[in-house]
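Enquirer: Take this structure first; my questions come after.
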Amino acid sequence: MAARPDYYKTLGVDKRASADEIKKAYRKLARQYHPDRNPGDKEAEARFKEISQAHDVLGDPEKRKQYDSGTGPFTTGAGPGGGFGGFGNFDFDGASMGDILSNLFGGSASGRRVRTKPRPEKGPDLEASVSITFDQAVSGAQVPLQVPMRASCPTCRGTGAKPGTTPIVCPRCEGRGIETQGQGMFSISQPCSRCGGAGTVIEDPCPTCQGTGAVRTVKKLRVNIPAGVKNGSRIRLAGKGEPGRNGGPPGDLYLITKVQASPTFKRKGDNLEVEVPLTIPEALRGADVKVPTLNGTKTLRVAPGTAHGTVQRLRGEGPPKLGGGGEKGDIHYRFVIDVPEDLSEEQQHAVDELSRTFGAGDPRAKLFGNGGGASTSTAARSGGESS
Ligand SMILES: [Zn+2]
Ligand SMILES: [Zn+2]
Numbered sequence: 010m011a012a013r014p015d016y017y018k019t020l021g022v023d024k025r026a027s028a029d030e031i032k033k034a035y036r037k038l039a040r041q042y043h044p045d046r047n048p049g050d051k052e053a054e055a056r057f058k059e060i061s062q063a064h065d066v067l068g069d070p071e072k073r074k075q076y077d078s079g080t081g082p083f084t085t086g087a088g089p090g091g092g093f094g095g096f097g098n099f100d101f102d103g104a105s106m107g108d109i110l111s112n113l114f115g116g117s118a119s120g121r122r123v124r125t126k127p128r129p130e131k132g133p134d135l136e137a138s139v140s141i142t143f144d145q146a147v148s149g150a151q152v153p154l155q156v157p158m159r160a161s162c163p164t165c166r167g168t169g170a171k172p173g174t175t176p177i178v179c180p181r182c183e184g185r186g187i188e189t190q191g192q193g194m195f196s197i198s199q200p201c202s203r204c205g206g207a208g209t210v211i212e213d214p215c216p217t218c219q220g221t222g223a224v225r226t227v228k229k230l231r232v233n234i235p236a237g238v239k240n241g242s243r244i245r246l247a248g249k250g251e252p253g254r255n256g257g258p259p260g261d262l263y264l265i266t267k268v269q270a271s272p273t274f275k276r277k278g279d280n281l282e283v284e285v286p287l288t289i290p291e292a293l294r295g296a297d298v299k300v301p302t303l304n305g306t307k308t309l310r311v312a313p314g315t316a317h318g319t320v321q322r323l324r325g326e327g328p329p330k331l332g333g334g335g336e337k338g339d340i341h342y343r344f345v346i347d348v349p350e351d352l353s354e355e356q357q358h359a360v361d362e363l364s365r366t367f368g369a370g371d372p373r374a375k376l377f378g379n380g381g382g383a384s385t386s387t388a389a390r391s392g393g394e395s396s
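In the numbering used here, the protein residues as written are 10 to 396.
Listed below in structure tokens is the structure:
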């Protein structure tokens, strides 16, 4: 075969290499493959011959010019065991296996590019519950709060590296953050097993945080509880969560309010409800009664003959509506008739008198249709007997 040898490849130099570079490359290789240093090694001997031949041509400006122009009687002329194009040449083309693989997959000749900054990440959100009184829920309050969270390590400022040292470029992936296994079509790229994809590794971990870059702290905050929160309201405090990573923004803090029950006011949606007891005479005759509001008291006019369970509203006297632009709920006053369990003798007489004035009218007559159903025999059987 008359294949034209690639002398540049043999010497591992560029086609534009200077005479000096060629000389240096030749000397280095000649020393390495010299028969005196490799006694009995046929392959080294063959290599030595190729190298010498290459230098013969490229080391001579005249011959080099001829060779470059593609003329001249240059053939392989390889000695015993010689083989241009054998795998032995591989070391000389200036590329490592890793470069070839990364070129196949990264598509970029700069496979060694170091990823300088990992992607910024928003810090995690936190949730905390805060106990407040009913009054605080209605009028809003500023309350102290202690939130356990991860914080950037003060010793290493979050780098995880011992002070005075810095994380080094990961030696396994050379900063790419991925590693490639296998060859050609069957290779797989995955996050680097050494650095987990960060591209850097810490050789001397920070003693405070053991290299994690974070410490657990309890952050003391004063948080503003908006007026009108309910039991179980979820309040978002933007940016009060855990710090972000790699320069990312902090997460948010969510407060869940636990509102202590009020003995007087009950929450019904946006409104409050108050039970207002009335005496029997008040319910019968009507009355002006004093009722509590959120800011003091008001007087309600109870109409004569008010039934148990009647509701009167005071509009806009309730708590502010959350996010309602200053709008307020109502207070519902629900009248309940206070029936005494024991009567004094005087009261007993009065009730007897009253009873007489109501005569024989039966308020339950309509329950039985046609008005004739409520007989005395039915009353006699009212002891819980059922049929
Ligand atoms: Zn790595
Ligand atoms: Zn640290």
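For each residue, glycine too, the CB sits at the ideal point set by N, CA and C. No experiment lies behind these values; they were computed from the predicted model shown.
If you measure from the CB of residue 4, is any heavy atom of ligand 2 nearer than 7 Å?
Expert: Beyond the ends of the chain as shown, which are 10 and 396, falls residue 4; an answer cannot be given.
Enquirer: If we count Cβ pairs, one from each stretch, closer than 8 Å, do we get three or more for the segment 250 to 258 versus the segment 129 to 147?
Expert: The segment 250 to 258 vs the segment 129 to 147: in contact.
Enquirer: Could you tell me which of 250, 269, 172 and 230 sits nearest to residue 241, measuring between CA atoms?
Expert: For the residues 250, 269, 172 and 230, the minimum Cα distance to residue 241 belongs to 269.
Enquirer: Throw me the rounded Cβ distance for the residue 6 and residue 227 pair, which I believe falls under 8 Å.
Expert: With the chain covering only 10 through 396, there is no way to say anything about residue 6.
Enquirer: Given the structure, does residue 237 come close to ligand 1, in the sense that its CB is under 7 Å from one of the ligand's heavy atoms?
Expert: Outside the cutoff, so no.
Enquirer: Run the CB neighbour count on residue 19, radius 10 Å, all protein chains shown included, and call it buried at 16 or more, exposed below.
Expert: Result: buried.
Enquirer: So, with DSSP's three-state summary, where would you put residue 213?
Expert: Residue 213 falls in the coil class under three-state DSSP.
Enquirer: Would you identify the three-state DSSP class for residue 358, choosing helix, strand or coil?
Expert: Here residue 358 sits in helix by DSSP.
Enquirer: Any chance the segment 300 to 313 sits against the segment 280 to 287, with 3 or more Cβ pairs inside 8 Å?
Expert: Cβ pair count under 8 Å is three or more, so yes.
Enquirer: With contact counted as at least three CB pairs below 8 Å, one residue from each stretch, are the segment 316 to 324 and the segment 339 to 347 in contact?
Expert: Cβ pair count under 8 Å is three or more, so yes.
Enquirer: With H, G and I counted as helix, E and B as strand and the rest as coil, what does DSSP make of residue 267?
Expert: It is a strand residue.
Enquirer: Given residue 326, which residues of its chain have a CB within under 6 Å of its CB, disregarding the five upstream and five downstream residues?
Expert: These residues qualify, in order along the chain: 302 and 340.
Enquirer: Ignoring anything shorter than 3 residues, give me the beta strand (DSSP E) runs that lie fully in the segment 235 to 309, in order along the chain.
Expert: If we require 3 residues or more, the beta strand (DSSP E) runs fully inside the segment 235 to 309 come out as 243 to 246, 262 to 268, 275 to 277, 280 to 287 and 296 to 301.
Enquirer: Indicate the three-state DSSP secondary structure (helix, strand or coil) for residue 352 in the structure shown.
Expert: Coil.
Enquirer: Check whether the Cβ atoms of residue 224 and residue 217 lie closer than 8 Å to each other.
Expert: Cβ atoms of residue 224 and residue 217: closer than 8 Å.
Enquirer: Using alpha carbons as the reference points, say which of 336, 296 and 289 lies closest to residue 350.
Expert: The shortest C-alpha separation from residue 350 is found at 289.
Enquirer: Less than 7 Å between the CB of residue 164 and some heavy atom of ligand 2, yes or no?
Expert: Within the cutoff, so yes.
Enquirer: Less than 8 Å separating the beta-carbons of residue 21 and residue 34?
Expert: Yes. Within cutoff.
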